[in-house]
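Enquirer:
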Amino acid sequence: MSTIAEYLESLRGKSIAVIGMGVSNTPLIRMLLRSGLKVTVCDKAPRERVEELAAELESLGAKFQLGQEYLSKLSRFDVIFRTPGLSPNTPELRQAVEKGSELTSEMELFFRLCPCRILGVTGSDGKTTTTTLISEFLKEAGYNVYIGGNIGKPLLPDVAGMVPEDMVVVELSSFQLMSMDRSPNVAVFTNLSPNHLDYHHTMEEYTAAKLNIFLHQGKEDRAIFNYDNDITRSLSKQAPGKAVVFSRKQRLEEGVYLRDNAIWLTNEMGNREVLPLDEILLPGVHNIENYMAAIAAVDGLVPDKCVRSVAKRFTGVEHRIELVRELNGVKYYNDSIGTSPTRTMACLDSFSQKLILIAGGYDKGVPFTQLGVEMVQKVKTLILCGATAPAIRKAVEEAPGYADSGLELIETHDLAAAVAAAQAAANAGDIVILSPACAAFDQFKNFMERGKVFKELVNAL
1 MSTIAEYLES LRGKSIAVIG MGVSNTPLIR MLLRSGLKVT VCDKAPRERV
51 EELAAELESL GAKFQLGQEY LSKLSRFDVI FRTPGLSPNT PELRQAVEKG
101 SELTSEMELF FRLCPCRILG VTGSDGKTTT TTLISEFLKE AGYNVYIGGN
151 IGKPLLPDVA GMVPEDMVVV ELSSFQLMSM DRSPNVAVFT NLSPNHLDYH
201 HTMEEYTAAK LNIFLHQGKE DRAIFNYDND ITRSLSKQAP GKAVVFSRKQ
251 RLEEGVYLRD NAIWLTNEMG NREVLPLDEI LLPGVHNIEN YMAAIAAVDG
301 LVPDKCVRSV AKRFTGVEHR IELVRELNGV KYYNDSIGTS PTRTMACLDS
351 FSQKLILIAG GYDKGVPFTQ LGVEMVQKVK TLILCGATAP AIRKAVEEAP
401 GYADSGLELI ETHDLAAAVA AAQAAANAGD IVILSPACAA FDQFKNFMER
451 GKVFKELVNA L
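Using this note's numbering, count along the sequence shown one by one with no gaps and you end on 461.
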């Protein structure tokens with residue numbers, strides 16, 4: 001299939017199921033329906049919860065399979081589009097495939113039909129900032145850039161208007177990558193640590209999903225790996241095309257590295273200074289790594305002057321160590337994107353003083369042992385709320401040095417109470433930060449909603 005029109009024509013007369021009517025799939029549903037295709041929308045939500053959207057899609061011709069039985073009788077469909085949040089290993093999906101149904105997704109179809117170069121980013125941490133930096137570099141260099149995937153909007157509805165000279169930058173989650181059989185032309189693997197083990201169940205399955213970011217590349221393609229992360233360094237040997245590494249800790253013979261307080265790049269063309277560190281506005285060593293990954297990704301596509309121009313004005317992405325306000329000499333930061341222990345540890349490393357930290361949330365089955373060690377060293381007051389509060393508290397209390405640390409532990413029942421407790425504990429010069437080390441699903445729809453609520457609470461103080 002070379003165009004979206006040809007693909008849609010190939011679906012004529014087939015029965016189609018789209019599982020999930022969330023952000024990634026609703027534009028897909030509309031596109032299929034407007035092409036005159038037979039579409040059944042399957043979603044776990046009852047009709048009353050999605051009435052407005054359901055009524056709109058029904059007016060376009062959609063049928064529905066809603067509620068607890070939304071995955072029943074899937075084998076009657078010729079083509080099934082899954083939502084990223086539903087594993088392809090779900091028994092109902094596997095049974096449908098065994099009986100002849102074709103299983104795909106919005107992102108898989110986009111990769112099949114996209115006519116231009118794709119730069120993709122995955123990893124346990126740093127995906128969104130790195131994806132955004134790459135897109136900003138490319139825009140600065142004059143390219144027409146589409147950004148999407150796990151960040152922003154689905155890209156499939158835009159594919160008809162794309163031309164070979166355009167650039168696509170996509171953030172790819174393990175959920176999206178799990179069933180991908182194509183890889184981007186430039187693949188960035190920021191790092192890898194235990195995450196989403198509630199979905200993948202094992203670290204091996206999580207890692208296997210991530211590998212699809214580069215496993216299907218050609219010899220002319222490029223894959224970027226974090227040399228300082230043991231797992232990604234070892235995985236770089238499996239790249240079918242050119243593997244490029246970056247390191248914040250070591251000077252490399254080839255790749256992207258630090259030298260003389262600047263980011264340097266060495267390749268077959270020679271070595272050069274790309275970006276002085278004092279031109280980067282974002283705080284934290286993890287953001288230096290994000291810049292390194294993005295610089296490696298656009299090497300040969302973007303002049304260094306464009307990289308420096310972006311660095312001098314780029315203040316970051318919402319919910320990522322975002323300064324909310326300063327009140328009575330206390331600075332309040334929103335790092336709601338801190339959905340894993342490694343993200344929160346990177347956040348703690350971004351400041352030179354001990355913090356008042358609000359943490360806790362949905363339990364993804366990830367251990368907090370090392371986070372407890374870091375908290376004892378870098379936190380003065382720890383305010384816990386959410387489902388994981390007891391587990392994080394246990395990790396802190398069992399960490400070396402806790403008894404003599406002076407760390408104050410406070411448990412609250414919700415985020416509003418946590419913010420109030422933080423304000424009560426803070427004095428002029430302190431920093432209060434929300435960096436939960438957990439997903440938000442126990443009390444919020446997602447980390448964006450959690451961050452928005454936190455900012456509203458802080459601005460109301």
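For every residue, glycine included, the Cβ atom is placed at its ideal position computed from N, Cα and C.
Apart from the five residues just before and just after His200, which ones in its own chain have a Cβ nearer than 6 angstroms to its Cβ?
Expert: The residue given as residue 200 occupies position 200 in the sequence shown. With a pLDDT of 46 at His200, under the threshold of 50, the modelled position of this residue cannot be trusted, and the question is left open.
Enquirer: Since Tyr298 and Leu138 should fall inside the 8 angstroms C-beta cutoff, what is the C-beta to C-beta distance between them, to a whole number of angstroms?
Expert: The sequence position of residue 298 within the sequence shown is 298, counting from 1. The sequence position of residue 138 within the sequence shown is 138, counting from 1. One detail in the question is off: residue 298 reads as Val in this sequence, not Tyr. That belief holds up - the Cβ atoms of Val298 and Leu138 are roughly 6 angstroms apart, short of 8 angstroms.
Enquirer: State the Cα-Cα distance for the pair Leu11 and Arg112, rounded to the nearest angstrom.
Expert: Start at 1 with the first residue of the sequence shown, and residue 11 comes out as number 11. Start at 1 with the first residue of the sequence shown, and residue 112 comes out as number 112. Roughly 15 angstroms separates the two Cα atoms.
Enquirer: Where does Asp304 sit, in a helix, a strand or coil, going by DSSP?
Expert: For this step, residue 304 is matched to residue 304 along the sequence shown. Helix.
Enquirer: When DSSP labels each residue in this structure, what does Gln467 get in the three-state scheme?
Expert: There is simply no residue 467 to check, as the chain begins at 1 and stops at 461 in what is shown.
Enquirer: Quick check on the burial criterion: 16 or more other C-beta atoms within 10 angstroms. Buried or exposed for Arg251?
Expert: Here residue 251 refers to the residue found at position 251 of the sequence shown. Exposed, by the Cβ-count rule.
Enquirer: Taking Cβ to Cβ, would you say Ile392 is nearer than 7 angstroms to Gly360?
Expert: Against the sequence shown, residue 392 aligns to sequence position 392. Against the sequence shown, residue 360 aligns to sequence position 360. Yes.
Enquirer: Which whole runs of the beta strand (DSSP E) in the region 336-413 are 3 residues long or more, in chain order?
Expert: With a minimum length of 3 residues, the continuous beta strand (DSSP E) runs that stay inside the region 336-413 are 355-359, 379-384, 408-411.
Enquirer: Could you round the C-beta distance between Leu155 and Gly161 to whole angstroms and report it? I think they count as a contact, below 8 angstroms.
Expert: In the sequence shown, residue 155 corresponds to position 155, counting from 1. In the sequence shown, residue 161 corresponds to position 161, counting from 1. Not a contact, Cβ separation roughly 11 angstroms.
Enquirer: Given this structure, state the Cα-to-Cα distance separating Thr381 from His286, to the nearest angstrom.
Expert: By one-based count along the sequence shown, residue 381 stands at place 381. By one-based count along the sequence shown, residue 286 stands at place 286. Going from the Cα of Thr381 to the Cα of His286 covers about 23 angstroms.
Enquirer: Out of Ile431, Ala403, Tyr291, Ile383, point me to the one whose CA is closest to Ala421's CA.
Expert: The count along the sequence shown starts at 1 and reaches residue 421 at position 421. Minimum Cα distance to Ala421 is reached at Ile383.
Enquirer: According to the neighbour-count rule (16 or more other Cβ atoms, all chains shown, within 10 Å of its Cβ), is Gly451 buried or exposed?
Expert: Sequence index remark: in the sequence shown, residue 451 carries index 451 (1-based). So Gly451 counts as buried.
Enquirer: Would you be able to state if there are at least three C-beta pairs under 8 angstroms between the region 366-381 and the region 391-411?
Expert: Yes, the region 391-411 touches the region 366-381.
Enquirer: In the DSSP assignment, what residue or residues form a beta bridge with Gln176?
Expert: Taking the first residue of the sequence shown as 1, we reach residue 176 at position 176. Gln176 is not bridged to any residue.
Enquirer: Which residues in the same chain have their Cβ closer than 7 angstroms to the Cβ of His466, if we skip the five residues on either side of it in sequence?
Expert: Absent from the model: residue 466. The displayed extent of the chain is 1 to 461, so no value can be given.
Enquirer: Please identify the residue among Lys219, Gly123, Ala395 whose C-alpha is closest to the C-alpha of Ala239.
Expert: What you label residue 239 is simply residue 239 of the sequence shown in a count that begins at 1. Closest by alpha carbon: Lys219.
Enquirer: Taking the straight line between their C-alpha atoms, what separation do you get for Arg308 and Asn226?
Expert: Taking the first residue of the sequence shown as 1, we reach residue 308 at position 308. Taking the first residue of the sequence shown as 1, we reach residue 226 at position 226. Those two C-alpha atoms are separated by around 22 angstroms.
Enquirer: Given a threshold of 16 other Cβ atoms within 10 Å of its Cβ, counted over all protein chains shown, does Met21 qualify as buried or as exposed?
Expert: Indexing the sequence shown from 1 puts residue 21 at position 21. Buried, by the Cβ-count rule.
Enquirer: Is it right to say Glu456 is buried, meaning 16 or more other beta carbons lie within 10 angstroms of its own, or is it exposed?
Expert: As a first step, residue 456 must be located in the sequence shown, where it is residue number 456. Per the 10 Å Cβ criterion, exposed.
Enquirer: For Leu74 and Leu103, what's the separation of their Cα atoms in angstroms?
Expert: In the sequence shown, residue 74 corresponds to position 74, counting from 1. In the sequence shown, residue 103 corresponds to position 103, counting from 1. Cα-Cα distance, rounded: 10 angstroms.
Enquirer: Give the DSSP bridge partners of Cys42, in chain order.
Expert: For the purposes of this step, residue 42 is identified with residue 42 of the sequence shown, where counting begins at 1. Bridge partners of Cys42: Ile19, Gln65.
Enquirer: Measuring CA to CA, which of Ala296, Glu9, Ser87 is closest to Arg272?
Expert: Position 272 of the sequence shown, counted from the first residue, corresponds to residue 272. Of the candidates Ala296, Glu9, Ser87, the one whose C-alpha sits nearest the C-alpha of Arg272 is Ala296.
Enquirer: Can you round the beta-carbon distance between Asn290 and Leu133 to whole angstroms, since I take them to be within the 8 angstroms contact cut?
Expert: Position 290 of the sequence shown, counted from the start, is the residue given in the question as residue 290. Position 133 of the sequence shown, counted from the start, is the residue given in the question as residue 133. That pair is a contact at about 6 angstroms.
Enquirer: Ordered along the chain, which non-local residues of its own chain (more than five positions away) have a Cβ less than 7 angstroms from that of Asn446?
Expert: The residue given as residue 446 occupies position 446 in the sequence shown. Excluding sequence neighbours, Asn446 sits near Ala440.
Enquirer: For Asn459, which of helix, strand or coil comes out of DSSP?
Expert: Taking the first residue of the sequence shown as 1, we reach residue 459 at position 459. DSSP places Asn459 in helix when its eight states are reduced to three.
Enquirer: Helix, strand or coil: how does DSSP classify Arg12 here?
Expert: Taking the first residue of the sequence shown as 1, we reach residue 12 at position 12. Correct three-state label for Arg12: coil.
Enquirer: Are there three or more Cβ pairs, one per stretch, closer than 8 angstroms when the region 166-175 is compared with the region 321-340?
Expert: No, because fewer than three Cβ pairs between the region 166-175 and the region 321-340 fall closer than 8 angstroms, the two stretches do not touch.
Enquirer: Buried or exposed: where does Val163 fall if 16 or more other Cβ atoms within 10 Å of its Cβ makes it buried?
Expert: Locating residue 163 in the sequence shown gives position 163, counting from the first residue. Classification for Val163: exposed.
Enquirer: Can you check DSSP and say which residues form a bridge with Pro276?
Expert: If you number the sequence shown from 1, residue 276 lands on position 276. In DSSP, Pro276 forms a bridge with Ala262.
Enquirer: Check each candidate in Lys63, Asn185, His413, Pro115 and name the one with the smallest Cα separation from Ile358.
Expert: Position 358 of the sequence shown holds residue 358. Of Lys63, Asn185, His413, Pro115, the residue nearest in Cα terms is His413.
Enquirer: Over the uninterrupted beta strand (DSSP E) stretch that includes Ile134, give me the two end residues.
Expert: Position 134 of the sequence shown, counted from the first residue, corresponds to residue 134. Segment 127-140 is the alpha helix (DSSP H) holding Ile134; no beta strand (DSSP E) there.
Enquirer: Go through its chain and collect everything with a Cβ distance to Val274's Cβ below 7 angstroms, but skip five positions before and after it.
Expert: On the sequence shown, residue 274 is found 274 positions in, with the first residue counted as 1. Ile263, Trp264, Leu265, Ile295, Asp304, Val307.
Enquirer: In the structure shown, what three-state DSSP assignment does Ile4 receive?
Expert: Within the sequence shown, residue 4 is the residue found at index 4, counting from 1. In the structure shown, Ile4 sits in a helix (DSSP, three-state: H, G or I).
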